[in-house]
Amino acid sequence: MVQNPKRRGRRQLDYILNLNNMNRIYFDNAATTALDREVLDAMLPYMTEKFGNPSSIYSYGRETRLAIETSRKKVARILNAHPAEIFFTSGGTESSNTAITAAVRDLGCKRIISSPLEHHAVLHSVEHLRNRGEIDLEFVKVLPNGHIDLEHLERLLATGESKTLVSLMHANNEIGNILDIEIVGALCKKYGAIFHSDTVQTIAHMPFDLRNTGVHFITGAAHKFHGPKGVGFLYINENVRIHPYIHGGSQERNMRAGTENVYGIVGLAKALELATENFEQEKAHVEGIKLYMLEQLKKKIEDVSFNGDPLGRSLYTVLNVSLPKNEKSEMLLFNLDINHICASGGSACTSGVEQGSHVIRAINNNPNRIAVRFSFSKYNTREEVDLVVAKVQELI
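Just so we're aligned, residue 50 is where the sequence shown starts under the numbering used here, counting upward by one.
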């Protein structure tokens, strides 16, 4: 007897989730999030019977093409953008690389202003262009609390003679600090600069109104909001004209060659839709988890402090904890993992590499402190916080 693939997929996911609930506490949602079961249900038909190539002209192709365009409209509506401004990609890294390279090679930017706090998808890209001699690179100053010095940014914009790209992330993936992109967008407009913002950590976690935000490029990745991995999008303002970054086909209106990740795109749109529908409720829940953990750590752990601006302009999903460095605390992440608790020392893109966090070095380069990032989702509970805080207390 052939099993219903949707039922089989749900049963397998239920098993994984139950296994996780029994054995693991997952506090690393800034790295990736669990796939929502409703998202899986939306994706499954396009992984089984609706398998046509969207570029084919027969019915199998037309139904998958319709799914892509329906998803594009859904994403655009939620972000208050035009569907023609949304281009699906493999994720945030490809999207940022596309935007930065296009700003230099197609829009004539000879200078880039960025910050030392950026995700490596941006930081390594701008450094690569500088090393090739294609641009001059300047970094805006960072304040002690981890926020961008906007006065310094304006001074940099005012003094430059070359056309400039400003690339600053909306919310930092390690400390959670939020940039006021409306202010930065207004500054870029004032000085004729192009503005790219890495919004991977904020898409689906904050409302967007792109028609009234002075940004030329933003990026998104589905796996940061309970969608599938390997799919994202790039928003390109309708007034911007760039050339493809990946060549070889006419997909994505001649902007990105390659057969589309149909079920990933459907999953991205569904995940964004669910996050938007339940935004206020889920934000209140997740923010409560973060604040509760902050309070419990202060009560239970001697000499604990927090990197960034956790009680100010900060993303409600991220809490970066600073602990005194000693033999026990240096092994904290390892010991948490042994005890089935998932946390991070920084960006997931550098996990397994003992080089420390470039973000923490930029704001608080104290060799006698270590940083641990806890990041939360709608699936976390206060009971998990109690268990984690007790384990941290025990281990250090």
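Virtual Cβ for every residue (Gly too), placed ideally from N, Cα, C.
Report back the beta-carbon spacing between residue i and residue j to the nearest angstrom; my notes put them in contact at under 8 angstroms.
{"i": "G141", "j": "D247", "result": "7 angstroms"}
{"i": "R121", "j": "P103", "result": "The pair is not a contact, with the Cβ atoms about 12 angstroms apart (cut-off 8 angstroms)."}
{"i": "M96", "j": "P277", "result": "Actually they do not touch by this definition, with Cβ atoms about 10 angstroms apart."}
{"i": "V353", "j": "L372", "result": "6 angstroms"}
{"i": "V437", "j": "F76", "result": "6 angstroms"}
{"i": "A11", "j": "A320", "result": "Because the chain in this structure spans residues 50 to 445, residue 11 falls outside the shown range and cannot be described."}
{"i": "A79", "j": "Q250", "result": "6 angstroms"}
{"i": "A148", "j": "E134", "result": "Their Cβ separation, rounded to whole angstroms, is 12 angstroms, which puts A148 and E134 out of contact at 8 angstroms."}
{"i": "F282", "j": "T119", "result": "Their Cβ separation, rounded to whole angstroms, is 14 angstroms, which puts F282 and T119 out of contact at 8 angstroms."}
{"i": "H265", "j": "I243", "result": "5 angstroms"}
{"i": "E376", "j": "F136", "result": "No, E376 and F136 are not in contact; Cβ-Cβ is about 49 angstroms, not under 8 angstroms."}
{"i": "N226", "j": "G357", "result": "5 angstroms"}
{"i": "R305", "j": "I295", "result": "5 angstroms"}
{"i": "E329", "j": "K123", "result": "At roughly 20 angstroms, the Cβ-Cβ gap does not stay under 8 angstroms, so E329 and K123 are not in contact."}
{"i": "S163", "j": "V175", "result": "5 angstroms"}
{"i": "L364", "j": "L343", "result": "So it is not a contact: roughly 13 angstroms between Cβ atoms."}
{"i": "K349", "j": "Q442", "result": "5 angstroms"}
{"i": "L214", "j": "H169", "result": "Not a contact, Cβ separation roughly 18 angstroms."}
According to DSSP, which residues form a beta bridge with residue i?
{"i": "G281", "result": "T138, A270"}
{"i": "A420", "result": "S371"}
{"i": "L14", "result": "This structure cannot speak to residue 14, because the chain is shown only from 50 to 445."}
{"i": "C391", "result": "Y75"}
{"i": "N261", "result": "None, per the DSSP bridge assignment."}
{"i": "I243", "result": "L214"}
{"i": "R305", "result": "I295"}
{"i": "I252", "result": "M255"}
{"i": "A220", "result": "I227"}
{"i": "V191", "result": "I197"}
Going by C-alpha distance, which of the options is nearest residue i?
{"i": "I224", "options": "Y240, L205, A420", "result": "A420"}
{"i": "G234", "options": "L217, A318, V249", "result": "L217"}
{"i": "G298", "options": "G307, I291, H292", "result": "G307"}
{"i": "A324", "options": "N429, R179, D85, H168", "result": "D85"}
{"i": "L178", "options": "L283, I162, T150, E203", "result": "T150"}
{"i": "I184", "options": "E210, E203, P193", "result": "E210"}
{"i": "T81", "options": "E187, I230, L128, H272", "result": "H272"}
{"i": "G241", "options": "I74, N388, I252, E203", "result": "E203"}
{"i": "E331", "options": "H275, I230, S164", "result": "H275"}
{"i": "L360", "options": "L321, F257, H196, H265", "result": "H196"}
{"i": "I267", "options": "N413, N417, S145", "result": "S145"}
{"i": "L317", "options": "R410, Y107, D90, V367", "result": "D90"}
{"i": "P165", "options": "H173, C158, K159", "result": "H173"}
{"i": "V408", "options": "P193, N180, N417, Y107", "result": "P193"}
{"i": "L205", "options": "V171, E231, I161", "result": "I161"}
{"i": "E167", "options": "L156, L228, G157", "result": "L228"}
{"i": "D198", "options": "E176, I232, V171, N72", "result": "I232"}
{"i": "S378", "options": "I350, L444, L364, K99", "result": "L444"}
{"i": "E326", "options": "I350, R418, N384, M255", "result": "M255"}
{"i": "L156", "options": "L186, E98, S163, K212", "result": "K212"}
{"i": "V280", "options": "N72, I117, Y107", "result": "I117"}
{"i": "K99", "options": "R111, V335, V88", "result": "R111"}
{"i": "V191", "options": "N429, R431, E433, I412", "result": "I412"}
{"i": "R362", "options": "I230, S105, G101, L214", "result": "I230"}
{"i": "V335", "options": "T430, N414, H245", "result": "T430"}
Using 8 angstroms as the limit for Cβ to Cβ distance, is residue i near chain C?
{"i": "L360", "result": "Note that chain C does not occur in the displayed structure, where there is just one protein chain."}
With a threshold of 8 angstroms, are at least 3 pairs of Cβ atoms found where one atom belongs to the region 332-339 and the other to the region 424-444?
Cβ pair count under 8 angstroms is three or more, so yes.
Segments of 4+ residues assigned as alpha helix (DSSP H) that fall wholly inside the region 308-362
Taken in chain order, the whole alpha helix (DSSP H) runs of length 4 or more contained in the region 308-362 are 311-326, 328-349.
Can you list, in chain order, the stretches of the beta strand (DSSP E) that have 3 or more residues and sit fully within the region 111-135?
The region 111-135 contains no complete beta strand (DSSP E) run of 3 or more residues.
For the pair the region 383-394 and the region 309-321, tell me if three or more CB-CB distances fall below 8 angstroms.
Judged by pairs of C-beta atoms under 8 angstroms, the region 383-394 does not touch the region 309-321, as fewer than three such pairs exist.
Tell me whether the region 120-137 and the region 250-263 touch, counting them as touching only if at least three CB pairs, one residue from each stretch, are closer than 8 angstroms.
In the pairwise beta carbon analysis, the region 120-137 is classified as touching the region 250-263: at least three pairs are separated by under 8 angstroms.
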